[in-house]
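**Q** Handing you a structure now.
Following this line, the structure appears as structure tokens:
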């Protein structure tokens, strides 16, 4: 296969906190963002071959994102430019523990306007793994494009990896979000969720029974559960296991799960 991982989904500008101005106003720094593309970058940084399929605006932010993608060694052959909407933006806020919350400028953003006919089918046909998340499934036409991409990749022998990546503010209501996430789970071989997402999706507080229930319900081959400083858990072939994390000083958790998943897939 030409690509170890081809990721499809949102590619956006993350505005992350960067101190305060002389006038005491909060400052923000622009950074490339989007969970699927973060996974693709992690794969490339570790020596793998990755590509990305998505849509940005015909604006300076979109041009910046393409440059950033190429600089990180990820193929931009699947990146499409929209003249209908601006590049999607997310404003990140951090609490005292480095945990983040997101507010999006996406009504719509260019990422939501990716259409099935714009997919780079050659990339999908040459992928060992096709990776996607739920954020590109929040509205049409990106929903249908995402599903079509995953189905085509599977038809050509790819494994499918999925990150539900729950962001409540992007959904019209919680139940619609849960239903759509379930549709994504049904398409996947490998799934990564945080411990909070696992409890949210199952209503079960204990991780192991929650994981077993989710995997059985959606026929998930391998389920990974990230638990921050507690490391990660996995469920494979009925075996529940745990891997310790490294001790680090937490500064900002943005993209931490994506880096974990990209390293695993790569």
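Residue numbers (the UniProt record's numbering): 1 to 266.
Cβ coordinates follow ideal geometry from the N, Cα and C atoms, glycine included.
Keep in mind it's a predicted model, so treat the numbers as computed, not measured.
(1) Identify whether residue 18 lies in helix, strand or coil by the three-state DSSP scheme.
(2) Please list, in chain order, all residues of the same chain as residue 78 whose beta carbon is under 8 Å from its beta carbon, the five residues on each side excluded.
(3) Buried or exposed for residue 207, going by 16 or more other Cβ atoms inside 10 Å?
(4) Using the Cα positions of residue 115 and residue 218, report the straight-line distance between them to the nearest angstrom.
(5) Considering only residues of the same chain and omitting the five flanking positions on each side of residue 43, which have a CB-CB separation below 7 Å?
(6) Just to confirm the assignment, what range does the alpha helix (DSSP H) spanning residue 189 have?
(7) Measure how close the beta-carbons of residue 108 and residue 139 come, nearest whole angstrom, since I'm counting them as under 8 Å.
(8) Hey, residue 227 and residue 233 are a contact pair by Cβ (cut 8 Å); roughly how many whole angstroms apart?
(9) Give the single residue among 229, 167, 76, 172 whose Cα lies nearest to the Cα of residue 41.
(10) Quick one: using the 10 Å Cβ neighbour count with 16 as the cut-off for buried, is residue 179 buried or exposed?
(11) If you measure between the beta carbons of residue 110 and residue 56, is that distance less than 7 Å?
(12) Just checking my contact of residue 224 with residue 191 at CB under 8 Å: how many whole Å lie between their CB atoms?
(13) Tell me, to the nearest whole angstrom, how far the beta carbon of residue 269 is from that of residue 172; I am working on the premise that it is less than 8 Å.
**A** Short version:
(1) strand
(2) 6, 8, 51, 52, 53, 54, 119, 120, 123
(3) buried
(4) 27 Å
(5) 4, 5, 50, 262, 265, 266
(6) Neither: residue 189 is in no alpha helix (DSSP H) and is coded neither H nor E.
(7) 7 Å
(8) 7 Å
(9) 76
(10) exposed
(11) yes
(12) 7 Å
(13) Outside the shown range of the chain (1 to 266) lies residue 269, about which nothing can therefore be said.
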